[in-house]
Amino acid sequence: MRELGICKNSGRLYGGSSSSGVPITEVVNIFPIRFEDDLIVPTMREYDGYDGLVFKEESFDPITRVKRGTVYSLEESQPKQWWVQDSARKDIEYHANVGWAAQSLFATSYRIHPLTQLRGITKLPQVTLGSKPHTSLWKIIAIETQFDGKPLLTLKSIRSLGVIPNINFEQYSSDAQAKLKTALESVEMAANRFVPLDTVDRCRDALSIVFGDLAGNLTLDLGQGIKKYIEKNKTASPNRDGQDLISKNGDIVRSLHARGKPNESHKNNTRPVDEEDASLALNCLWFVLTELDDRYAR
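Counting from 1, position 280 in the sequence shown corresponds to residue 279 in numbering that gives the first Met the number 0; the numbering is continuous, with no gaps.
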């Protein structure tokens with residue numbers, strides 16, 4: 000369908016075209032969409048509370064977290080007259096003409112966005128779906144033009160709610176439990192933002208509490224907590240260096256956090272923290288929490 004219309008009076012959704020619309024009765028997921036680089040695909044003006052750009056989901060795989068769908072943009076003239084066939088609507092009359100009869104209504108109207116700005120771009124922009132405060136971040140992995148000229152967008156989730164595993168907080172001290180719960184909530188909030196460094200920093204905060212609690216001192220920073228954890232392991236197993244995957248994953252997040260500091264980046268000539276680094280920090284946090292939870296359950 001090349002157009003979408005939202006009836007001004009009833010909120011009912013119509014598809015097809017404004018000259019020949021039909022009601023969309025199945026459950027449809029339509030999300031506000033914003034492209035990370037506003038210069039490539041500008042964020043359009045809103046109208047009457049409706050976003051300028053929306054994404055109509057055609058399919059979603061919850062396992063791979065891949066969505067496919069179409070982008071629609073608000074038409075310039077609002078509201079727009081639609082001619083529809085909707086037998087369920089008794090509140091609007093049919094208007095007869097030669098060879099046809101249809102009902103007339105006014106709707107907030109969207110038309111398929113051609114996404115011509117994305118042609119020939121080497122690095123496709125990321126997008127956010129949803130409205131604040133509940134948004135999620137997605138990467139464009141494919142754009143395919145269908146037989147009718149409609150661009151089909153394939154998106155893969157980058158960071159979203161649910162990145163934190165369910166853990167048993169009873170393994171941590173009473174002082175650490177509340178702090179860790181708050182820190183993990185901050186991680187989930189940061190995971191929906193465009194700034195990768197913020198996600199890395201919030202992962203570092205959470206791990207500082209975890210390793211500080213393991214060392215019996217919540218005032219320690221992450222590096223000191225990891226050091227105490229390694230020393231404790233060496234005492235338990237003198238023939239080993241005390242390091243394991245828990246300490247190494249924690250140290251990755253510590254190093255990423257340090258890389259985000261302007262002075263460190265300048266001194267070591269390192270690239271800025273990017274989206275892949277944020278995903279790595281989340282995975283490291285997930286591993287530490289899951290591994291410690293597994294140990295506690297034994």
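Ideal Cβ placement from N, Cα and C applies to all residues, glycine included.
Taking the straight line between their C-alpha atoms, what separation do you get for residue i and residue j?
i	j	result
residue 164	residue 201	15 Å
residue 122	residue 89	50 Å
residue 37	residue 262	29 Å
residue 221	residue 207	4 Å
residue 67	residue 105	29 Å
residue 152	residue 40	14 Å
residue 44	residue 176	44 Å
residue 65	residue 237	47 Å
residue 92	residue 124	46 Å
residue 112	residue 52	8 Å
residue 217	residue 226	14 Å
residue 24	residue 102	17 Å
residue 160	residue 134	Caution is warranted here: a pLDDT of 44 is assigned to residue 160, below 50, making its placement in the model unreliable, and no coordinate value can be reported.
residue 31	residue 137	13 Å
residue 118	residue 54	19 Å
residue 224	residue 267	24 Å
residue 47	residue 29	17 Å
Run through DSSP, which three-state label would residue i get?
i	result
residue 30	strand
residue 133	coil
residue 97	coil
residue 286	helix
residue 184	helix
residue 304	Here the chain covers residues 0 to 297 and nothing more, so residue 304 does not appear.
residue 21	strand
residue 71	strand
residue 156	strand
residue 226	helix
residue 45	coil
residue 271	coil
Pull up the CB-CB distance for residue i and residue j, whole angstroms please, since I reckon it's below 8 Å.
i	j	result
residue 168	residue 180	7 Å
residue 114	residue 142	6 Å
residue 291	residue 170	7 Å
residue 270	residue 110	Going by Cβ atoms, the distance from residue 270 to residue 110 rounds to 40 Å, so no, they are not a contact pair.
residue 107	residue 77	6 Å
residue 256	residue 294	The Cβ separation is near 25 Å, so there is no contact.
Any Cβ of chain C within less than 8 Å of the Cβ of residue i?
i	result
residue 209	No chain C is part of this structure, which consists of one protein chain only.
One question on the structure: do residue i and residue j come within less than 8 Å of each other, judged by their Cβ atoms?
i	j	result
residue 189	residue 205	no
residue 3	residue 71	yes
residue 196	residue 252	no
residue 17	residue 99	no
residue 254	residue 229	no
residue 287	residue 209	yes
residue 313	residue 277	Only positions 0 to 297 of the chain appear in the structure, and residue 313 is not among them; the question remains open.
residue 126	residue 35	yes
residue 14	residue 21	yes
DSSP puts residue i in a beta bridge; with which residues?
i	result
residue 6	106
residue 89	Paired residue(s): none; residue 89 is not in a bridge.
residue 79	106
residue 59	66
residue 14	3, 21
residue 138	125, 155
Is any heavy atom in the ligand GDP found nearer than 7 Å to the beta carbon of residue i?
i	result
residue 50	Absent from the structure shown: the ligand GDP. Ligands present: none.
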